[in-house]
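Same order as they appear, the protein sequences are chains A and B. Counting along the first sequence from 1, when you hit position 89 you're at 89 in my numbering, and nothing is skipped either side. Counting along the second sequence from 1, when you hit position 242 you're at 1242 in my numbering, and nothing is skipped either side.
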Amino acid sequence: MKPPSFAYEAPEALDDALALLDRHGDDAKVLAGGQSLVPLLNFRLARPARLIDINGVPGLASISERDGTISIGAMTRQRTIETSPLVASRAPLLAAATRWIGHPPIRTRGTIGGSLAHNDPSGEYPAVLLALDAQVRIRSQRGERVLGIDAFLGEWLSTALGPDELVIAVEIPIGSKHATYGFAEVAKRHGDFALAGVAARFTLDGSHIGDARIVAFGGVARATRLTAAEDAIRGRVPNETLFGEANRAATAAIDPISDLHATGEYRRHLTGVLVVRALRQAFGEA
Amino acid sequence: MSANEGWIGRRVQRREDLPLIQGKGRFAADLTMPDMVHMAVLRSPHAHARLLGVDTSKARELPGVFDVLTSADLDGIGEFPVLWQLPGQKASGIPVLARDKVRYVGEPVAAVVAVSRYVAEDALELIEADYDPLPTVVDVESALKAGAPVINEAWGDNVAIRHIVPGIDATGKAGDIDGAFAAADAVVKARFKINRFSGVPLETRGLVASHDPLTHGLTLWSSSQVAHKQRTQLASVLGVPESSIRVMTPNLGGGFGVKWDCYPEDALVCLFSQRLQRPVKWIEDRREHLMGTVHAREQVQELEAAVARDGTILGIRGKIWADLGAHIHSVGIGPAWVTGVSLTGQYRIKNYYCEVIGVATNKVPSSTFRGFGGPEATFATERLIEKAARAVGLDPAEVRRKNFIQPDEFPWFSAGGGVFDSGNYPAALEKALEEVDYDHLREEQAGLRAKGVYRGIGIGCYIHTSGFGPSFILGLVGYNTSGYEGSSIKVDPQGGITIYTGMIPLGQGTETTLAQVAADQFGVDFNDVRVVWGDTSQTPYTGFGSAGSRSNVAAAAILKAAEVVRDKSIRIGAHLLEAAPEDVVYENGGVQVKGSPEKRLTLGDVAKAAYLAHNLPKGELPTLEGTYVYDPAMFTIAFGCHVAVVDVDLETGEVKIVRYVVVDDSGTIINPLLVEGQIQGGVAMGLGGALLEEFVYDENGQLLTTSFMDYLLPSIHEVPHMELHQQVTVSPHTPGGFKGMGEAGMFSPGAALANAVSDALLPFGVEVDRMPITSNLVWSLLPKS
């Protein structure tokens, strides 16, 4: 469990980091929090010729609010997000979900940009950011672009990120004051990757459900919107009967894999149950 | 009682802890030496393949590589022997490096030594091993099918042994198992599956071998639980005199049985060190540990119990298939044999029959692990009792009461051939039920169900055969090792006491415990007793060494050695005090004339005289030391009862432990604090196996659980608060009345939890007959509606 040899770069400015990525992107890996990359290196499952450590690049680790958007720098540690009063008040779903990532030592190293760029299908952040309709700010020497989270996320650990590109920040629309959320997952142990999970954000339209974004993760190729379940509840009055409809719509729409930790059938069932639990969190035991 | 008396039974804090928590421990990984080089091992990626050739030429050319070994280089090097050879068990051994064939993923094929572990691992990638894959068998069912691929060709099939345990009484007369089933009012049948899991110590295995050109000897620093046995086995594998090897053990971060076995790497580091004349270090990484260190436990059991209407269990019979993995490891089918002789548990079940079938599969060899076949039996027995209770409509506690061996029935001769020394099984159950408030829980249960709370109460009683074991019995069952423990006690000229033990502290507080026993026997301050361990050149030989349940054997040896030294002190003291030895007693740290406390010498006074030897009794030899080798007269049977209270989430299948009550009885307690720690650790480990841990293989024999992401140990979040209670029933056999206790906590969690979950889901007729009890398993057992 020792990595093969690699070159190590530790740029101290964003431009330097981007220049290195431009030159070596195809056979380089960006080292952020290292919570996924370092084990992959030690197992020799990832064999980049070069690591570009961006921990020394200034300006990538702030949380700020501007024009109805929360902007979180890519190198912001998960633990910082978990304890940020701004995140707690403006994006409480993100704060709630962060507590499900690993354990405090892991969250103290792990970053939001790293989680997104790694895009583990069982990871909490891709799912939560999809539920929150976030934007991903990306930069390279060619320039800057902003991608919607849905377009950013690919299947099975892939993303739309080019080899020369770096995630700079994640931007989350604060949206309606009349919003509510739910987050639920089942893991074998506290802190393990989810067997199945659901992140959901809703707006309220009087006594009715307004917009609904319900995202399933764990055992599927990527964080996935459960649009049939969303359609089933949008514009309706929340109650247990409706939640049951959402459960059925969710389980009909999803087809998770079987692996050593759980069967696909169980994961599908769990997803339905967790949709109901997320709805109950959002609307109470209606 | 003075401050220096009564050390046995005191809650003394562990003397080991301060350096360890200050980071001053010295583990194998901490050792470093001039010119030291590092070993890495190439392991088979195939579960079953012919090994056509291994080309190491490119690896040898890599800068920084010193040496490479394959089986072609091992002429004259033997295999690690199977120590436990039951009659009829087929021949096997553990090769140092695979020759001609690989039989499991992870089997060592070649080894490299290089300037660093990094370079050594780079070199492994340059070795070209040519494999011709063969069909694999990954479970006992497929291994036994007609035409199944044969793993060990010389056997002809995959059956290592079929061993029959006939039920017998104290005179050796067979019971009437068929009659018992014919007379039964109900017969309960079950097929139990015990999961493959094992001891996963925080510290993996570690070795540093150093060849000494001056003495032509070899020193091996090793994380072994039993240095003397390792030395014996290494001498035979390497073909060198035992006296030329010195094995030393630094601090160990857990052992749990898996460091009892010997492994190919033990020989490889020694060979490299001899060849290179340099110290060679190997620290097992976690991936290697999970695929290279022995697994344990995996069994399929088909059992049935004959039950009378009043709850009496008339007989138990059935078969056990033990999944041994690719090689018979050092203890062979020993653990499965223990299961096979133990299924009557703590119950007065006279009619018994069990067939134990050891089966080879393309998996990591299975061997020693805390509990050693016992927890597998406890799971089965306690599940059968529960099923029997349901079959005749009685409370499971009542059926246990009905069948317990009673306190006045000892020594008890079990139908499996065991002799039980002492016990009070009913008291342990009643204490556990009282503490958990069983009657109230039962009353509450129905009301909770109406509210949608599915609460279950599960009892798991256990017996634990500890103090393993009398050497003559080990001989009778074909176990080619010994069961005694020696202790030497030396009193230095100042009166300071040093005890020498073959036991190796694995983290359980052995040093503290043994020092307490000696302090107690000499009436001195505990802090004035030194304990020397972990060096074959200094410590008494032990063929068995450290196991969680052997402090009792070592403690007994210290009691007896102390007696030798005290007797000598009395003889010398009497001579100096000009009294007859029979008028002199050892008391309060010295010798004195009975009734004349002013005529007294301290142990230091006596020691000084013993070393000066100016004035000793006629015929008395100088110095003050004593040695005793204690071979247990009998096994000691510890016992107890666990009660688990759980809530089951019907939607997700998740099991939440609401309460966990433990009553343990391990005879005389040396240190209650350490006993509690051992029980908590044992229960946590048992819960891990019950709920989470399993080595999972795919159909091609690939091990899927090769990191802690997939092999799931219980963490602080998963281990509940335990309510611990102790009772004491002394052993009539051991000096001091001790029984072993280090493994006890491990026995019942599986049974208690399976019973609790089954109890919670009684309205749905769910029976949990396998482990680990995952949420997925529980959900799959629930009716779908």
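Idealized CB from N, CA, C, for every residue including glycine.
Neighbour flag for residue i against chain A, beta carbons, 9 Å
i: residue 1285 of chain B; result: yes
i: residue 1763 of chain B; result: no
i: residue 1718 of chain B; result: yes
i: residue 1203 of chain B; result: no
i: residue 1623 of chain B; result: no
i: residue 1710 of chain B; result: yes
i: residue 1243 of chain B; result: no
i: residue 1042 of chain B; result: no
i: residue 1409 of chain B; result: no
i: residue 1714 of chain B; result: yes
i: residue 1288 of chain B; result: yes
i: residue 1692 of chain B; result: yes
i: residue 1097 of chain B; result: no
i: residue 1223 of chain B; result: no
i: residue 1780 of chain B; result: yes
i: residue 1707 of chain B; result: yes
i: residue 1436 of chain B; result: no
i: residue 1687 of chain B; result: no
i: residue 1753 of chain B; result: no
i: residue 1062 of chain B; result: no
i: residue 1258 of chain B; result: no
i: residue 1134 of chain B; result: no
i: residue 1704 of chain B; result: yes
i: residue 1696 of chain B; result: yes
Beta carbon proximity, residue i to chain B, threshold 9 Å
i: residue 43 of chain A; result: yes
i: residue 273 of chain A; result: yes
i: residue 269 of chain A; result: yes
i: residue 159 of chain A; result: no
i: residue 85 of chain A; result: no
i: residue 39 of chain A; result: yes
i: residue 263 of chain A; result: yes
i: residue 125 of chain A; result: no
Nearest-angstrom beta carbon gap, residue j and residue i [assumed within contact, 8 Å]
i: residue 1067 of chain B; j: residue 1272 of chain B; result: 6 Å
i: residue 218 of chain A; j: residue 253 of chain A; result: Between residue 253 of chain A and residue 218 of chain A the Cβ distance is about 15 Å, and since that is not below 8 Å, they are no contact.
i: residue 1130 of chain B; j: residue 1052 of chain B; result: 4 Å
i: residue 1745 of chain B; j: residue 1679 of chain B; result: 4 Å
i: residue 1192 of chain B; j: residue 1769 of chain B; result: 5 Å
i: residue 1399 of chain B; j: residue 1185 of chain B; result: With 8 Å as the limit, residue 1399 of chain B and residue 1185 of chain B do not qualify as a contact, their Cβ atoms being about 13 Å apart.
i: residue 1463 of chain B; j: residue 1397 of chain B; result: Not confirmed; about 17 Å, so no contact.
i: residue 56 of chain A; j: residue 10 of chain A; result: 5 Å
Proximity test, residue i beta-carbon vs the ligand NAD heavy atom, cut-off 8 Å
i: residue 1604 of chain B; result: The ligand NAD is not among the ligands present in this structure, which contains no ligands whatsoever.
N-terminal and C-terminal residue of the alpha helix (DSSP H) that residue i is part of
i: residue 1472 of chain B; result: 1471-1476
i: residue 52 of chain A; result: Unbroken run through residue 52 of chain A is the beta strand (DSSP E), 50-53; no alpha helix (DSSP H).
i: residue 1291 of chain B; result: 1286-1292
i: residue 1552 of chain B; result: 1551-1577
Extent of the continuous beta strand (DSSP E) to which residue i belongs
i: residue 1164 of chain B; result: 1159-1166
i: residue 239 of chain A; result: Taken as a continuous stretch (DSSP letters only), residue 239 of chain A belongs to no beta strand (DSSP E), as it is neither H nor E.
i: residue 1193 of chain B; result: 1186-1194
Interface residues of the segment 1102-1128 of chain B facing chain A [CB-CB below 7 Å]:
1117, 1118, 1121 and 1122
Which runs of the alpha helix (DSSP H) at least 4 residues long sit entirely within the segment 1383-1468 of chain B? Give them in chain order.
1396-1403, 1425-1436 and 1438-1450
Positions along the segment 1-21 of chain A whose CB lies within less than 9 Å of some CB in chain B:
1, 2, 3, 4 and 5
Check distances from the C-beta atoms of the segment 168-200 of chain A to those of chain B and list, in chain order, the residues that come in under 8 Å.
186, 188, 189, 190, 191, 192, 193 and 195
Listed from N- to C-terminal order along the chain, which residues in the segment 235-261 of chain A have their beta-carbon within a distance smaller than 7 Å of any beta-carbon of chain B?
260
Quick check for students: name the residue ranges of the beta strand (DSSP E) that lie wholly in the segment 1681-1707 of chain B, counting only runs of 3 or more.
none
Beta carbons nearer than 8 Å to chain A: which residues of the segment 1765-1778 of chain B have them?
1774, 1775 and 1776
In chain order, what are the residue ranges of uninterrupted beta strand (DSSP E) at least 3 long that sit wholly in the segment 1722-1777 of chain B?
1723-1727
If contact means a Cβ-Cβ distance below 9 Å, which residues of the segment 1651-1669 of chain B contact chain A?
1651, 1652, 1653 and 1654
Taking only runs of the alpha helix (DSSP H) that begin and end inside the segment 1595-1660 of chain B, which ones reach a length of at least 4 residues, in chain order?
1603-1612
In chain order, which continuous runs of the alpha helix (DSSP H) of length 4 or greater are located wholly inside the segment 35-119 of chain A?
37-42, 78-83, 85-90, 92-98, 104-109 and 112-118
Between the segment 1049-1073 of chain B and chain A, which residues of the former have CB atoms less than 8 Å from a CB of the latter, in chain order?
none
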